[in-house]
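Numbering (our numbering), first residue to last: 196 to 297.
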């Protein structure tokens, strides 16, 4: 059974079966903070790997830095979401639902 994406109504209000694929301002600010934290973690891992004389520990720290780099790139990808198109879809849906409730 596939999830329905069409809105339903309950007590005069539209209920979406799935949330819209948009990034709110609050989400964007959280992602921005997370990017800063991941970048700092990458820099620290790079620094401490360079300072480390034990090759096994250096490799473990390098791997941790690479993990933080992957996380950074993933968060950056989410921030590049095309919000304009998705927000217009949400607004159109709201207008349709307001027209049905009248």
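The C-beta atom is built at its ideal place from N, Cα and C for all residues, glycine as well.
None of these values were measured; they are calculated from a predicted model.
query = Just how far apart, CA to CA, sit residue 287 and residue 216?
reply = 14 Å
ask   = So, using beta-carbon positions, are residue 244 and residue 263 closer together than 7 Å?
value = no
key: Spatial distance of residue 224 from residue 283 (CA atoms)   = 21 Å
query = So, residue 226 versus residue 274, is the Cβ gap smaller than 7 Å?
reply = yes
query = Is it true that the CB of residue 247 sits closer than 7 Å to the CB of residue 260?
reply = no
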